[in-house]
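In the numbering used here, the protein residues as written are 292 to 873.
Shown next as structure tokens:
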């Protein structure tokens, strides 16, 4: 036995000795090794800061700043560093831990900042650079803060326990927003479809909520690693179309066209493993929890943007994961109550379950339309809503025939008639070019007003597409020279909320009139190029949709920044507040 242990020790010793050497070569990417930030202060001063990770350093002579226009006067004060001799640059002055550079850049529109650093372990990174549009931070020292900035500030000043409690409360509040409420019918359809009692309802709800919260934890960790919003990968039309089709398939199963189940050999294995429990139901609830988090939950609201701003700034994977895990758990509390208490209120299984399944089939169809409507032409989406309501009305009318003469039959017929009228108006409105499900015939009264709202056939043609920080800065500067306000609309083809704003806000006659004298710029970040990332970073924006309101002086009114969807009335109110403060 001792001989075996000696041989084992001889085998393990080289591995143990190699572990530190291997760890030394686990280098950070440059954006994490040297975290750069810029803040514009009063009188043309710009504060450039680098947070340098342990085991890394920056070269003083590689810190460069170039201004545009080139004749702008630049004055810089370099802090003292420490001397270091290495194999790359010989005897050099370097900075460890952190360094701050104050630049007087009066008259400059953009600054291009360059830096280069190395790791103590022997790796030297290629030169890095970033272009800053100075208008982005011109009011950063002001006491007026945007909603997302205020959220990030409050979180950064909190302890870990308090921060997790804040995220839990944030998730609890987000449950009652239009972004998250659709999770309730998804969960309810699972419980109704299985005829679950209170105990089973709680188990299914827990199986739905925990994977949902873990999915948010993954998003939090990814945000800490990337320092950016990852919803773009999950909100493009192809992904939404695929999962819309999944909801249609689930709806067809609710209508009884077929029964969704695992293959027989897998089902038998699960049956044996669960000792008689209904195989696949918990697994299905878990899968739906993950899909719901991916597709329904990640709306770009100001609180969520602030949370991601804080997580991305910390770069702490553990904190990021825990933060959004607790947010997901907060969102799950009402869902657990619905799944448990709601199941207790259900009567005994019977024929009523088929009717409830059909009801939830229509809800699942509505969810499918909700997902794909924003990437479809508005009139086609309205036609789909109308067809759904007409089908629902026909189903209710058929159900009414099963009741004997009395109040039940009359009530169902009246409901079916109202739904059918509404659905018919939607189909009629879609045929005439309407787009609003709540006002399907509004096109008739708005036709003349819309015709006079803009001098161009298509108002969106007034937006000038910009593809680089320099183009964006030039557009803002040109508007300032003409005394114009500038609206900057960060847009992407995969951004479904951008299309909703375009359809519901920019098509409004009053909005078009209010924007008549403004310069409209649209940074298109669809391709996510280096210039796209630079434009987002310059304005500390996480993604699309983000709308900036910039005065003729080139300063953004940060408190009125728009993140996510809003109504035309809310947009006009923000624009008025910004202009009143000018």
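From the three backbone atoms N, C-alpha and C, an ideal C-beta is built for every residue, glycine too.
Per DSSP, which residues does residue i bridge with? Please list them.
i           : result
residue 862 : Its beta-bridge partners do not exist; DSSP assigns none.
residue 406 : 419
residue 325 : 343
residue 366 : 395
residue 348 : 409
residue 782 : 815
residue 386 : 349
residue 775 : Bridge partners of residue 775: none, in fact.
residue 850 : Answer is none; residue 850 lacks a bridge partner.
residue 375 : 383
residue 338 : 330, 393
residue 401 : 359, 424
residue 810 : 777
residue 899 : For the chain, the structure presents residues 292 to 873; residue 899 sits outside this window and is missing.
Taking residue i as the reference, give the member of the options with the closest Cα.
i           : options            : result
residue 710 : 781, 688, 720      : 688
residue 616 : 667, 496, 546, 459 : 459
residue 418 : 685, 349, 620      : 349
residue 714 : 499, 729, 464      : 729
residue 624 : 496, 855, 661      : 496
residue 614 : 455, 357, 867, 577 : 455
residue 258 : 781, 339, 844, 320 : No answer is possible for residue 258: the residues shown for the chain start at 292 and end at 873.
residue 382 : 390, 372, 662      : 372
residue 582 : 632, 547, 651, 498 : 498
residue 685 : 724, 707, 664      : 707
residue 546 : 656, 579, 609      : 656
residue 416 : 678, 753, 319, 774 : 319
residue 844 : 786, 768, 393      : 768
residue 464 : 622, 610, 529      : 622
residue 726 : 664, 819, 840, 504 : 664
residue 328 : 841, 839, 861, 825 : 825
residue 544 : 773, 367, 462, 649 : 649
residue 820 : 528, 618, 548, 834 : 834
residue 584 : 353, 510, 390      : 510
residue 683 : 705, 773, 494      : 705
residue 366 : 666, 390, 339      : 339
residue 811 : 842, 818, 786, 676 : 842
residue 618 : 578, 732, 723, 461 : 461
Could you tell me whether any non-hydrogen atom of the ligand SAH is closer than 6 Å to the CB of residue i?
i           : result
residue 845 : The model on display carries no ligand, and the ligand SAH is accordingly not part of it.
Measuring straight from C-alpha to C-alpha, what distance separates residue i and residue j?
i           : j           : result
residue 799 : residue 859 : 7 Å
residue 806 : residue 791 : 18 Å
residue 630 : residue 574 : 16 Å
residue 756 : residue 762 : 9 Å
residue 506 : residue 535 : 20 Å
residue 398 : residue 837 : 27 Å
residue 764 : residue 424 : 6 Å
residue 369 : residue 816 : 35 Å
residue 699 : residue 691 : 7 Å
residue 879 : residue 405 : Not covered by the structure: residue 879. The range shown for the chain is 292 to 873.
residue 325 : residue 408 : 8 Å
residue 671 : residue 749 : 19 Å
residue 828 : residue 323 : 15 Å
residue 532 : residue 872 : 43 Å
residue 849 : residue 620 : 31 Å
residue 721 : residue 674 : 5 Å
residue 712 : residue 703 : 14 Å
residue 680 : residue 803 : 32 Å
residue 457 : residue 627 : 20 Å
residue 632 : residue 492 : 8 Å
residue 374 : residue 402 : 28 Å
residue 453 : residue 770 : 45 Å
residue 868 : residue 852 : 11 Å
residue 831 : residue 863 : 23 Å
residue 746 : residue 752 : A caution first: residue 746 carries a pLDDT of 41, below 50, which makes its placement in the model unreliable, though a value can still be read off. Their backbone Cα atoms lie some 11 Å apart in a straight line.
residue 718 : residue 538 : 22 Å
residue 758 : residue 611 : 31 Å
residue 866 : residue 351 : 44 Å
residue 716 : residue 678 : 10 Å
residue 395 : residue 504 : 47 Å
residue 519 : residue 512 : Residue confidence for residue 519 is low, a pLDDT of 44 falling below 50, so the modelled location carries little weight and cannot support an answer.
residue 652 : residue 541 : 7 Å
residue 822 : residue 814 : 10 Å
residue 321 : residue 411 : 14 Å
Compare the C-beta of residue i with all C-beta atoms of chain D and state if any pair is closer than 7 Å.
i           : result
residue 404 : This model lacks chain D altogether, as it is built from one protein chain only.
Q) Can you find at least 3 beta carbon pairs, one from the stretch 384-392 and one from the stretch 340-350, that sit closer than 8 Å? A) yes
Q) What alpha helix (DSSP H) runs, 4 residues minimum, are completely inside the stretch 820-845? A) 821-829
**Q.** 3 or more residues per run - each beta strand (DSSP E) lying fully within the stretch 652-730
**A.** none
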